[in-house]
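Student: For reference, the structure I am asking about is given below.
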Amino acid sequence: MAYIKMKDIDDFTYFRNRISFQMRALGIHSTKALSEKLRETGFFKRTDSMGNIHLLKASSIDKIIQKHFQHNIPNELPDSLTANHVQAYANVLNCSTDFILGNTHTISKDIHIQDLCNRTGLTEASILNLLKMTDTQFAFRTLRVSANESRKILNSLLTMPEFPSFIRSLSSISYEFQDKQISSLKKLENEIGTARLKTALDWDKILDPIYTGAEPSKLELQDVFLLREAMEKDYESQSKMVQNRQLAKYQVIKDFQTIIDHLYPD
Numbered sequence: 084m085a086y087i088k089m090k091d092i093d094d095f096t097y098f099r100n101r102i103s104f105q106m107r108a109l110g111i112h113s114t115k116a117l118s119e120k121l122r123e124t125g126f127f128k129r130t131d132s133m134g135n136i137h138l139l140k141a142s143s144i145d146k147i148i149q150k151h152f153q154h155n156i157p158n159e160l161p162d163s164l165t166a167n168h169v170q171a172y173a174n175v176l177n178c179s180t181d182f183i184l185g186n187t188h189t190i191s192k193d194i195h196i197q198d199l200c201n202r203t204g205l206t207e208a209s210i211l212n213l214l215k216m217t218d219t220q221f222a223f224r225t226l227r228v229s230a231n232e233s234r235k236i237l238n239s240l241l242t243m244p245e246f247p248s249f250i251r252s253l254s255s256i257s258y259e260f261q262d263k264q265i266s267s268l269k270k271l272e273n274e275i276g277t278a279r280l281k282t283a284l285d286w287d288k289i290l291d292p293i294y295t296g297a298e299p300s301k302l303e304l305q306d307v308f309l310l311r312e313a314m315e316k317d318y319e320s321q322s323k324m325v326q327n328r329q330l331a332k333y334q335v336i337k338d339f340q341t342i343i344d345h346l347y348p349d
C-alpha cells in the first residue's frame, strides 16, 4: 500500500493513518483485502433506479477506500465518508466509531475503557494492563487475593485523590527530561551543511585501522573528526538525561508504592 510510506503514518490526526494503523494491527495488508471484509458488513450498498438495494462489489469499495485515503488534511474527515462507512470500518477494524472519527486515540469499543482513559490520562495499554489485575487469572496473585478484592483495590487506586497527582508527576518527568536543546550533531549540520555531514557519515562507516581503500580528502577527514566529536557529546548528554529521568521516575513510583501499601497493608 503506497500510502503506508507517506510521512507521519503514526499521526492519528489523519483519517488514513487511523485506518491503516488498525489494518496493520489486524494483518490486513491491502485495501483490496479490506474492501472484501467491508463488503461482508453490508454497509456499502447502492440503490438502483427501481429502488432496489444492491451491495457494492469489492472493487467498487476499494475505490471508495482509496478516495478516503487521498484526503490529506489533519483533523478533518473525507467528504465522501458516510455514517455507514464509519460503522463498517469500526466493525471490520474492531475499534470504536469515535476512533474512526478521530474523537479519541482510544481504540477499544469498550466505553468503560474509553472513560478510564479520558478520566485518568493513562494510555489504553496502561488501562488494559491495570484491568488484567482484576480478572481471575491475574488478580494480584502475589498478594493472594480474589478477583473481586483486586477490583476493589484497583477502584480505590483509580479514584483516590492522590492518583491524578501521580499521573501528573509521571507526565512532568517525561516533559522535564525531554531533549529541548539542539543536538551537537544538528549544530554541526547547520555549520557544515547537510551534504558534507552526509559525506562524513559515509566515511565514518568505513574508516577503521584496517581500511585500505581510497583516502578521504583533508576536509572530509576533518568533518569525520567533527562528526565523531559531536556524536560523543550527544551520547554523554543523552546518557546523563536518561539516568536523571530514571532516578526521578523511581522516586515517583516509590512514593506511589507507599500509597498502595497504605491502602493494602501487609
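Counting the sequence shown from 1 gives a position; our numbering is that position plus 83.
Ideal placement from N, C-alpha and C gives every residue a C-beta, glycine not left out.
(1) Thr130 bridges to which residues according to DSSP?
(2) Taking all protein chains shown into account, do 16 or more other C-beta atoms lie within 10 angstroms of the C-beta of Met133, making it buried, or fewer, making it exposed?
(3) Can you list, in chain order, the residues of its chain whose CB lies under 6 Å from that of Phe126, leaving out five sequence neighbours each side?
(4) What span of residues does the alpha helix (DSSP H) with His151 cover, start to end?
(5) Is Tyr318 helix, strand or coil by DSSP?
(6) Who are the near neighbours of Ile92 in its chain, counting only those whose CB is closer than 7 Å to its CB and skipping five residues on each side?
(7) With a floor of 3 residues, list each beta strand (DSSP E) that falls wholly inside the region 156-197, ordered by position along the chain.
(8) I'd like to know whether the C-beta atoms of Asp145 and Thr114 end up nearer to each other than 8 Å.
(9) How long is the line joining the alpha carbons of Asp291 and Val307, rounded to whole angstroms?
(10) Are there 16 or more other CB atoms within 10 angstroms of the CB of Gln105, so buried, or fewer, so exposed?
(11) Hey, how far is the Cα of Phe221 from the Cα of Thr189?
(12) When DSSP labels each residue in this structure, what does Arg107 get in the three-state scheme?
(13) If I'm right that Thr206 touches Asn158 with Cβ under 8 Å, what's the distance once you round it to whole angstroms?
Tutor: Quick look at the numbers:
(1) DSSP, once it has assigned bridges, lists Ile136 as partnering Thr130.
(2) exposed
(3) Asn167, Gln170, Ala171
(4) 141-153
(5) helix
(6) Asn100, Ser103
(7) none
(8) Taking 8 Å as the Cβ cut-off, Asp145 and Thr114 qualify as a contacting pair.
(9) 12 Å
(10) buried
(11) No answer about Phe221 holds up, because its pLDDT of 44 lies below 50 and its placement is not dependable.
(12) In this structure, DSSP gives Arg107 a helical state, which the three-state scheme calls helix.
(13) Actually they are not in contact, since the Cβ atoms of Thr206 and Asn158 sit about 21 Å apart, beyond 8 Å.
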